[in-house]
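Start counting the sequence shown at 0; every next residue gets the next number (numbering that gives the first Met the number 0). Backbone N, C-alpha and C fix where the C-beta goes; we use that ideal spot for every residue, glycine too. Keep in mind that this is a model prediction, so the values were computed, not measured. Heads up: the structure comes next, in structure tokens.
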Amino acid sequence: MANIEQLTERFLQQFGGTTDGLHVFHAPGRVNLIGEHTDYNGGYVFPAALTFGTTLLIRERNDNKLSLASTNFELKGEVELDEIVYKEADDWMNYPKGIVHELQERGYAVPAGFDLLYHGEIPNGSGLSSSASIEVVTAYALLTLSGHPTDTVEIALMAQHSENEFNGVKCGIMDQFAVANGKKDHAIMLMCDTLAYELVPFNSGSYKLVIGNTNKRRGLVDSKYNERRSQCEQAVKELQPAFPELTLLGQLTVEQFEANAHLISDEIVRNRAQHVVEEIDRVVRSVEALKSDDLTAFGQYMNESHDSLRDLYEVTGDELDAMVDAARQVPGVLGSRMTGAGFGGCTVSLVHEDSVETFIAQVGERYQAATGLEASFYVCTIGNGVEQLR
Ligand code: GLA
Numbered sequence: 000m001a002n003i004e005q006l007t008e009r010f011l012q013q014f015g016g017t018t019d020g021l022h023v024f025h026a027p028g029r030v031n032l033i034g035e036h037t038d039y040n041g042g043y044v045f046p047a048a049l050t051f052g053t054t055l056l057i058r059e060r061n062d063n064k065l066s067l068a069s070t071n072f073e074l075k076g077e078v079e080l081d082e083i084v085y086k087e088a089d090d091w092m093n094y095p096k097g098i099v100h101e102l103q104e105r106g107y108a109v110p111a112g113f114d115l116l117y118h119g120e121i122p123n124g125s126g127l128s129s130s131a132s133i134e135v136v137t138a139y140a141l142l143t144l145s146g147h148p149t150d151t152v153e154i155a156l157m158a159q160h161s162e163n164e165f166n167g168v169k170c171g172i173m174d175q176f177a178v179a180n181g182k183k184d185h186a187i188m189l190m191c192d193t194l195a196y197e198l199v200p201f202n203s204g205s206y207k208l209v210i211g212n213t214n215k216r217r218g219l220v221d222s223k224y225n226e227r228r229s230q231c232e233q234a235v236k237e238l239q240p241a242f243p244e245l246t247l248l249g250q251l252t253v254e255q256f257e258a259n260a261h262l263i264s265d266e267i268v269r270n271r272a273q274h275v276v277e278e279i280d281r282v283v284r285s286v287e288a289l290k291s292d293d294l295t296a297f298g299q300y301m302n303e304s305h306d307s308l309r310d311l312y313e314v315t316g317d318e319l320d321a322m323v324d325a326a327r328q329v330p331g332v333l334g335s336r337m338t339g340a341g342f343g344g345c346t347v348s349l350v351h352e353d354s355v356e357t358f359i360a361q362v363g364e365r366y367q368a369a370t371g372l373e374a375s376f377y378v379c380t381i382g383n384g385v386e387q388l389r
């Protein structure tokens, strides 16, 4: 957790004045345990909030300006509340601006200007949802301080919509939902079509979740993400002669898919759809395994998930594969997979507590030998969703 006293100093240096009316909010990053590329297909995901994320210090101003600064980026700026538009040069500031725009569109007027200082602890581009965490903390803080309701499911939807429309990134709902609704020591089993969800205690006994960052930057706006989305839409279209009501792959059972997969003419598109349908089923089975304390089975499903993302969905790439291969060779590892969109970013592994040190040393070394890149590792504890700290 960030040092709030130091950040307060920094805030006062940046914006002047006193701590009167200064508030502090926090939203975490997230790690997805299983259920990848299923959210935009109306399927299940199983993410958890991290204990680190974005801390926001915020204080109302006497005018109608938003003044934005960050401890992570040099770039800062001011914008009038009634002149909010996307500007490429505004870089990270487009995320908070997108949220203000979204609130205004939904009739949640922001009645005054604010000074905002952001402090992010999520490595940028690591696939641990730094942008969702900026969006959600901004929405929650502005709604709270403007006297509007703070429904965290609605906040997740607003944040996703602003990322889709204002920032032009066609992500699903998983990241914003996890960041807004996470709970300490729990993972979230979320049905992305209906947003029905269950908080499942993550009782991993003597096993730890270890996140490995490939430090290969991953661009989400990357055309490959959108290409996967349209391949899934293509699969739905080709399956409609058998299922006229079908709108999302997540509406099919594995059996229904298998009996009709031949309707999809292109092998690549068929593979994409197979991954989605089987991955959704894997989430259900892995949550059952977790509930019956069968961590070995849970780890096995993590492995199957990665292999399917590698072979059928083709979103892993050399770096993620090298890290997962190295992880699986360490005794005491029950499972290892990529997490998030893929194409770089992070892996998550379930590692016995006595093996964590060996894991970090050995995977780091083998990964570097295979890719020339230096990995970083975080032994992860599951934290809360967005909250007000002060
Ligand atoms: C990114 C997106 C999510 C989800 C994952 C893949 O993290 O933001 O909506 O699609 O990729 O599971």
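Which residues does DSSP list as the beta-bridge partners of Glu386? Sequence index remark: in the sequence shown, residue 386 carries index 387 (1-based). Answer by DSSP bridge pairing, in chain order: His25.
Nearest by alpha-carbon distance to Phe113: which of Thr252, Thr213 and Phe14 is it? The residue given as residue 113 occupies position 114 in the sequence shown. Among Thr252, Thr213 and Phe14, the Cα nearest to that of Phe113 belongs to Phe14.
For Gly52 and Ile133, what's the separation of their Cα atoms in angstroms? By one-based count along the sequence shown, residue 52 stands at place 53. By one-based count along the sequence shown, residue 133 stands at place 134. Each residue's Cα considered, the two are about 8 Å apart.
Verify the contact flag: Asp38, CB atom, against every heavy atom of the ligand GLA, threshold strictly below 7 Å. For the purposes of this step, residue 38 is taken as the residue at position 39 of the sequence shown. It does: the Cβ of Asp38 is within 7 Å (strictly closer) of some heavy atom of the ligand GLA.
Residue from Glu8, Gly249 and Cys379 with nearest C-alpha to Glu35: Taking the sequence shown and counting its residues from 1, one reaches residue 35 at position 36. When only C-alpha atoms are compared, the closest one is Gly249.
Along the chain, where does the beta strand (DSSP E) that runs through Asp280 open and close? As a position in the sequence shown, residue 280 is number 281, starting the count at 1. Counting along the chain, Asp280 falls outside any beta strand (DSSP E), though it belongs to the alpha helix (DSSP H) covering Glu266 to Lys290.
Could you tell me whether any non-hydrogen atom of the ligand GLA is closer than 7 Å to the CB of Glu101? What you label residue 101 is simply residue 102 of the sequence shown in a count that begins at 1. No.
May I ask you to verify whether the region 273–286 touches the region 31–45, counting CB pairs closer than 8 Å and requiring at least 3? Yes, since at least three Cβ pairs between the region 273–286 and the region 31–45 fall closer than 8 Å, the two stretches touch.
Assign Leu74 to one of two classes, buried (16 or more other C-beta atoms within 10 Å of its C-beta) or exposed (fewer than that). Along the sequence shown, one-based indexing puts residue 74 at 75. When all chains shown are included, Leu74 counts as exposed.
Leu6 versus Thr338, Glu254 and Leu55, residue with shortest Cα-Cα distance: Taking the first residue of the sequence shown as position 1, residue 6 is located at position 7. Ranking Thr338, Glu254 and Leu55 by CA distance to the CA of Leu6 puts Leu55 first.
Paired residues, beta bridge with Glu79 - DSSP: Your numbering for residue 79 matches position 80 in the sequence shown. In the DSSP output, where bridge partners are listed per residue, Glu79 has Lys64.
Hey, how far is the Cα of Val220 from the Cα of Glu8? In the sequence shown, residue 220 corresponds to position 221, counting from 1. In the sequence shown, residue 8 corresponds to position 9, counting from 1. For Val220, the pLDDT reaches just 44, beneath the cut-off of 50, and the residue's location in the model is therefore unreliable, although a value from the coordinates is still provided. In a straight line, the C-alpha of Val220 is about 35 Å away from that of Glu8.
Would you please state the rounded distance, in angstroms, between the beta carbons of Ala179 and Val135? I believe it to be under 8 Å. As a first step, residue 179 must be located in the sequence shown, where it is residue number 180. As a first step, residue 135 must be located in the sequence shown, where it is residue number 136. Right, the Cβ-Cβ distance comes to about 5 Å (below 8 Å), so this counts as a contact.
Verify the contact flag: Asn31, CB atom, against every heavy atom of the ligand GLA, threshold strictly below 7 Å. As a working mapping, residue 31 is identified with position 32 in the sequence shown. Correct: Asn31 has its Cβ closer than 7 Å to the ligand GLA.
Looking at the structure shown, is Asp114 part of a helix, part of a strand, or coil, going by DSSP? As a working mapping, residue 114 is identified with position 115 in the sequence shown. Three-state DSSP puts Asp114 in a strand.
Nearest-angstrom Cα separation, counted from Leu116 out to Glu82: Counting from one through the sequence shown, the residue named residue 82 turns up at place 83. Counting from one through the sequence shown, the residue named residue 116 turns up at place 117. So the alpha carbons of these two residues sit roughly 20 Å apart.
Would DSSP call Gly244 helix, strand or coil? The residue given as residue 244 occupies position 245 in the sequence shown. The amino acid at residue 244 is misidentified as Gly; the sequence shows Glu. If DSSP states are grouped into helix, strand and coil, Glu244 belongs with coil.
Under 7 Å: does the beta carbon of Ala170 sit that close to some heavy atom of the ligand GLA? In the sequence shown, the residue the question calls residue 170 occupies position 171. For clarity, residue 170 is Cys in the given sequence; the question names Ala instead. Because some heavy atom of the ligand GLA lies under 7 Å away, the Cβ of Cys170 counts as near it: yes.
Report yes or no: do the region 95–114 and the region 182–193 share at least 3 C-beta pairs separated by less than 8 Å? The region 95–114 is not in contact with the region 182–193.
How big is the Cα-Cα spacing for Val286 and Gly384? Within the sequence shown, the letter at position 287 stands for residue 286. Within the sequence shown, the letter at position 385 stands for residue 384. When rounded, the distance between both Cα atoms is 20 Å.
Between the Cα of Leu127 and those of Ala241, Met301, Thr50 and Gly28, spot the shortest distance and give me the residue it belongs to. Sequence index remark: in the sequence shown, residue 127 carries index 128 (1-based). Measuring from the Cα of Leu127, the nearest candidate turns out to be Gly28.
Taking three-plus beta-carbon pairs below 8 Å as touching, is the region 313–325 in contact with the region 342–354? yes
Is Gly181 near the ligand GLA, with its Cβ less than 7 Å from a heavy atom? Taking the first residue of the sequence shown as position 1, residue 181 is located at position 182. Every heavy atom of the ligand GLA is 7 Å or more from the Cβ of Gly181, so no.
Can you tell me whether Ala296 is helix, strand or coil according to DSSP? The count along the sequence shown starts at 1 and reaches residue 296 at position 297. Of the three classes helix, strand and coil, the one that applies to Ala296 here is helix, per DSSP.
Which runs of the beta strand (DSSP E), 3 residues or longer, sit entirely within the region 292–340? 332–338
Whole angstroms is fine: what's the gap from Glu373's alpha carbon to Pro122's? The sequence position of residue 373 within the sequence shown is 374, counting from 1. The sequence position of residue 122 within the sequence shown is 123, counting from 1. Put simply, the backbone Cα of Glu373 is about 14 Å away from that of Pro122.
Minimum C-alpha distance to Gly119 - residue among Val78, Gly167 and Leu49: Numbered from 1 along the sequence shown, position 120 holds the residue referred to as residue 119. Selected option, being the one with the closest Cα: Leu49.
Ala155 and Ile98 - do their beta-carbons sit closer together than 8 Å? On the sequence shown, residue 98 is found 99 positions in, with the first residue counted as 1. On the sequence shown, residue 155 is found 156 positions in, with the first residue counted as 1. No, Cβ-Cβ distance for Ile98 and Ala155 is not below 8 Å.
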